[in-house]
Amino acid sequence: MSNVLVYSGPGVSSSALHHTIKTLKLLLPFYDVQTISSKSLAIDPWESNTSLLVLPGGRDLPFIQEFSRRHSVPSSTSDFDSSSPTSTSSSKEIIQRADQKIRSYVEEKGGSFWAICAGAYYSSGFCSFEEGKEIEVVGERGYLNFFKGPCKGTVYPGFVYESDAGSRIIELTLEKVETEGQDEKDALGHGCGPGQRLWTTHYNGGGAFLDAEKFSDETHKVQVLARYPKDDDTLSKSNGGEYLGQPAALLCQVGKGKAALFGTHPEFPLSPDSRSVKLSQGEGSEKLADEELWESEKRRIRLLSDLFVKLGLKVELPPGVGEEDGERPSEGEKNPSAASSKETVSERVPPKLSPLVLMASKPSQITRILEALDGCSQSQSLVHISEVKTSSPDQPTHRIEQDSFEAHRLLSVKDSNDIFHFYAGGNRQFDRKIFDVCFKADYRPFSVPVQVAGERVSERQGGEGEEEMEEREVDLHAVPKYVLVYPGSPNAAQGSLASLEDFVPEKSLTPHFNVSEYLKCLQESEERLEGCQREWGKDASSIFGSGIGGMSLTEGVPIGQVVLYGENVTSTQTMLDKNYKVTSRLPTGLTSIATHQISGRGRGSNAWISPLGCLQFSTLLSLPASSAASTVFVQYIAGLAIVEAIREGLGEEYRVIGEKIRIKWPNDVYAEVDDGEDQGAEQAGGGEGAEQPERKGTFRMGGKTYAKMAGVLVNSSFSGKQFSLVVGCGINCLNERPTTSLSEVIKQHNAKLKRKEGERVADEDPRILEIVSQERLAGAILSTLGRMWKSFCEAGYSFLPFVDSYRKVWLHSDQITRLDHFQPPLQVKIVGISLDYGLLRVVELDERGQVVGGGEISSKDPKAWSVSDSSKGTRSKSLGVRSRFGNGGLSGWEGDDVWRGDVGGSRGEVEFIELQPDGNSFDMLKNLVRRKA
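If you count the sequence shown from 1, position 647 lands on 647 in full-length UniProt numbering, and the numbers rise without skipping.
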């Protein structure tokens with residue numbers, strides 16, 4: 001996945017940070033928008049996974065202090081070669097600073113950078129803020145020096161600390177670009193007709209880049225994007241008219257990268273009901289008509305999308321926003337559930353939640369679920385979205401809890417995190433009406449004060465006025481969830497009641513995922529796996545004997561046979577993990593699937609990005625309390641299920657694709673990709689010569705390039721006599737760059753075959769593989785996971801049936817790497833995983849590349865995947881073992897996430913170092929195992 005990082009720390013205004021993040025999430029759904037501290041900028045390896053770094057508005061002096069702060073970092077003094085068994089490494093303390101890392105990211109690594117207002121002051125060569133006045137801040141900057149000239153302000157008078165007196169809405173003029181033999185275009189690629197070159201935007205305390213063109217040369221090109229007005233009465237009277245027509249926004253080519261610098265605040269919304277507009281149009285200021293503000297808001301979004309494209313990012317315009325000339329119709333013009341033209345576009349982050357669809361392979365499964373939920377149904381009145389008007393003021397309020405809506409309601413449940421209303425689906429008119437209500441609902445009653453990291457602006461320089469009005473945003477967890485229950489089944493006998501079309505969802509209501517088709521694909525994959533010869537596909541009792549095999553399976557339904565689908569949901573993981581009253585009554589095996597997750601969860605602080613085409617689901621499972629230590633293996637099994645589904649579940653013809661899919665410990669799935677120059681747009685589905693966003697986060701290993709395609713997250717909670725598990729998976733199936741998807745791997749395979757075979761390969765050739773739909777991939781993965789889970793349970797919750805398959809598909813067998821847990825970092829070899837607590841096992845290597853102590857062991861040695869002798873040790877802080885292995889020797893923890901122990905190798909004693917999956921992470925680019933931040 002690729003990140004967009006926004007600096008959050010001393011100097012940043014909380015409102016500027018809030019609107020910066022909101023705008024980025026609105027336009028860049030393919031990226032994980034995260035905040036980052038100055039310390040992390042200095043010492044963490046963020047550059048390789050980052051497509052854009054943003055420095056928001058605020059004040060410039062704390063930026064100087066924070067980004068120049070010196071941080072000591074241990075680092076190897078040698079160039080480490082993981083392929084060489086004789087590589088050595090030593091360590092020394094080096095000093096790193098955030099400003100140096102930022103400069104290197106742009107200039108040397110080709111990164112993109114966006115600085116706004118105070119961020120632009122800081123990123124210029126010289127800062128001149130209110131020179132000659134009591135609040136002046138003047139001096140050389142040069143820390144980043146992305147624009148070598150001066151940034152001088154304030155451009156408009158009236159700036160007052162702890163006030164919005166200087167805040168206003170202004171009109172910039174987009175720079176005209178000379179094009180030979182073509183219609184005139186502005187700097188962002190738009191036409192130059194009457195009024196087309198205007199950019200309405202917020203201003204508060206920013207600067208101008210004086211005579212910017214003079215500072216452009218061959219090595220440091222400066223392009224003016226927009227200018228302050230040339231005939232503004234206020235500017236004519238201020239500072240002798242110095243700022244008239246001066247550049248307000250720049251795009252600078254800095255080495256291999258680009259930096260966009262803005263003296264204004266394009267991240268702030270322009271909709272008439274937004275707080276920032278109300279503050280800017282205070283007493284005595286010229287007020288813009290609502291209609292004009294609506295149009296300016298949509299144009300703001302379009303212009304920023306063009307800016308991000310220039311910075312090399314992939315953009316998706318939100319519903320309701322289209323080009324003036326109609327070149328890019330928006331989804332809002334094609335989707336009847338999208339926003340009206342007057343809807344606050346920027347406030348459609350996040351989008352409206354869709355109803356959920358509950359279906360099963362067998363109608364009886366639905367009946368049992370409703371009977372179980374009836375025990376926690378509440379008769380008292382619960383919140384409905386219908387208690388407020390729909391977003392169009394001329395439409396009447398829909399009263400879901402009355403009239404025809406009430407006639408279809410089955411039950412309602414208020415849980416710890418969400419409110420659920422269950423309705424009988426199948427009545428076409430009612431189904432369409434409830435979808436319409438959900439998409440048009442007014443969410444303002446569910447808004448809450450915004451909690452953002454940043455500072456209130458006081459005692460500060462070069463920034464925005466004190467926030468006097470509360471920022472608010474919608475709490476989507478407070479919005480009630482509507483579930484349409486369908487008793488039908490696509491697998492029912494033809495002609496039966498359950499097979500009738502009225503008992504399954506209308507296809508137009510779920511255009512991005514056909515639930516009926518998915519259930520059919522699930523059954524087909526289950527039948528295909530009947531002949532699977534993998535150890536995990538066999539009866540586990542034949543492996544372990546009757547002493548361990550034959551244990552009773554966890555109660556529930558076969559995995560994936562009961563499905564809860566929603567087009568737009570908060571998070572499939574959160575809905576199942578945070579609503580115990582409901583989920584404790586749902587059968588294990590139930591799976592929640594979504595097209596878009598608005599708050600998708602990843603490991604640690606990561607988010608899972610869910611652009612259209614990404615398959616994401618969460619499955620309910622459980623383990624007995626006596627097998628608590630086995631929960632660690634669930635993430636390994638889920639990752640393996642994704643790989644094996646492509647190799648086995650999709651059919652024999654896809655095995656060639658499955659061979660390119662591998663596991664990165666502990667919970668990521670990577671695909672081998674070909675980033676050769678001749679791949680072009682065909683690999684991502686674009687037209688001839690289409691330019692694709694740069695793929696981030698790749699690494700090379702064994703002469704091959706790998707990119708992340710999927711991830712796994714497992715949440716567990718203890719209740720009664722068992723652990724409840726929610727297994728979340730996100731797989732890039734059909735989505736395009738900058739993410740790497742299964743469809744891209746298939747397209748690369750087809751293109752490579754055609755290049756190799758030439759005209760002998762036609763599109764109908766059986767070797768040319770079809771693109772796999774989300775329904776088909778979901779069926780293959782969940783049927784494979786179901787078969788694996790059955791083996792896992794029958795084997796006494798042991799990982800042993802999966803060792804051979806896992807060892808063949810993970811990336812780490814006998815990989816030589818380093819551990820940064822020790823000083824100096826240790827050179828080690830990865831050999832396996834402990835079978836009782838799921839710890840990664842490595843052995844230390846000496847300067848000759850030999851195992852320390854003289855023993856020998858490899859990933860093929862059964863002892864590398866053995867069960868520890870827990871009778872000789874005590875329990876650890878988290879996963880449970882602090883024991884001795886093999887023939888004695890001292891053992892002990894080197895910290896919360898690293899353990900040392902001995903085992904008898906094939907020759908002599910071998911000391912294992914073991915790492916917990918929850919405390920460590922693999923940096924494959926640096927070939928380093930580091931503590932998880």
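Glycine is no exception: its CB is placed at the ideal position from the N, C-alpha and C atoms.
In the structure shown, the three-state DSSP call for W46 is coil. For H421, the enclosing beta strand (DSSP E) stretches over residues I419 to A424.
Look at the beta carbons and you see the segment 359-374 touching the segment 514-522: at least three pairs across the two are nearer than 8 Å.
Counted as a single uninterrupted DSSP element, the beta strand (DSSP E) harbouring A248 occupies residues P247 to V254. The DSSP-derived three-state label of P487 is coil.
With fewer than 16 other Cβ atoms from the protein chains shown falling within 10 Å of its own Cβ, D804 counts as exposed.
Checking the DSSP bridge columns, you'll see Y203 partnered with R168. Three or more Cβ pairs closer than 8 Å define a contact, and the segment 843-862 meets that threshold against the segment 825-833. Considering only E184, L915, L411 and G132, the residue with the shortest C-alpha distance to I833 is L915.
DSSP, reduced to helix, strand and coil, places A208 within a strand of the structure shown. By a beta-carbon distance limit of 8 Å, A208 does not contact G149. Their separation comes to about 10 Å. Counting the other Cβ atoms within 10 Å of the Cβ of P269 gives 16 or more, which makes it buried.
For C793, there is no enclosing beta strand (DSSP E); the enclosing alpha helix (DSSP H) has its first and last residue at Q774 to E794. Assigned with DSSP and collapsed to three states, S592 falls in strand.
The Cβ atoms of I434 and L382 do not sit closer than 8 Å to each other. In terms of Cα proximity to V673, the closest of P824, E694, T705 and S447 is T705. With a cut-off of 8 Å on Cβ pairs, the segment 655-662 is not in contact with the segment 717-733, counting fewer than three such pairs. DSSP, reduced to helix, strand and coil, places Y105 within a helical segment of the structure shown. In this structure, DSSP gives V315 a state outside helix and strand, which the three-state scheme calls coil. Assignment of N750 by DSSP, reduced to helix, strand and coil, places it in the helix class. Straight across, the Cα-Cα distance linking K278 with P272 is about 7 Å.
Within the segment 213-297, the complete beta strand (DSSP E) segments of 3 residues or longer fall at 220-227, 247-254 and 257-262, listed in chain order. The beta carbon of K230 is closer than 7 Å to those of L244 and G245 in its chain, skipping five residues each way along the sequence. Below 8 Å, too few C-beta pairs join the segment 42-51 and the segment 12-23 to call them touching: fewer than three. DSSP places D668 inside the beta strand (DSSP E), whose first and last residues are D668 to V673.
Between C376 and K581, the C-beta spacing is below 8 Å. Between V745 and A671, the alpha-carbon positions lie close to 7 Å from each other. Under DSSP, the beta-bridge partners assigned to V357 are L484 and Y565.
Classified as buried, Q635 has 16 or more neighbouring CB atoms from the shown chains inside 10 Å of its CB. In the same chain as D290, and ignoring 5 residues on each side of it, the C-beta atoms closer than 6 Å to its own belong to P272, in chain order. The DSSP-derived three-state label of R299 is helix.
Three or more Cβ pairs closer than 8 Å define a contact, and the segment 218-236 meets that threshold against the segment 164-173. According to the DSSP assignment, Q722 belongs to the beta strand (DSSP E) that extends over Q722 to N732. Ranking A98, V160 and E775 by CA distance to the CA of P511 puts E775 first.
In the three-state scheme derived from DSSP, where H, G and I count as helix and E and B as strand, I598 is classed as coil. Ranked by Cα distance from R807, the first of A864, E764 and A478 is A864.
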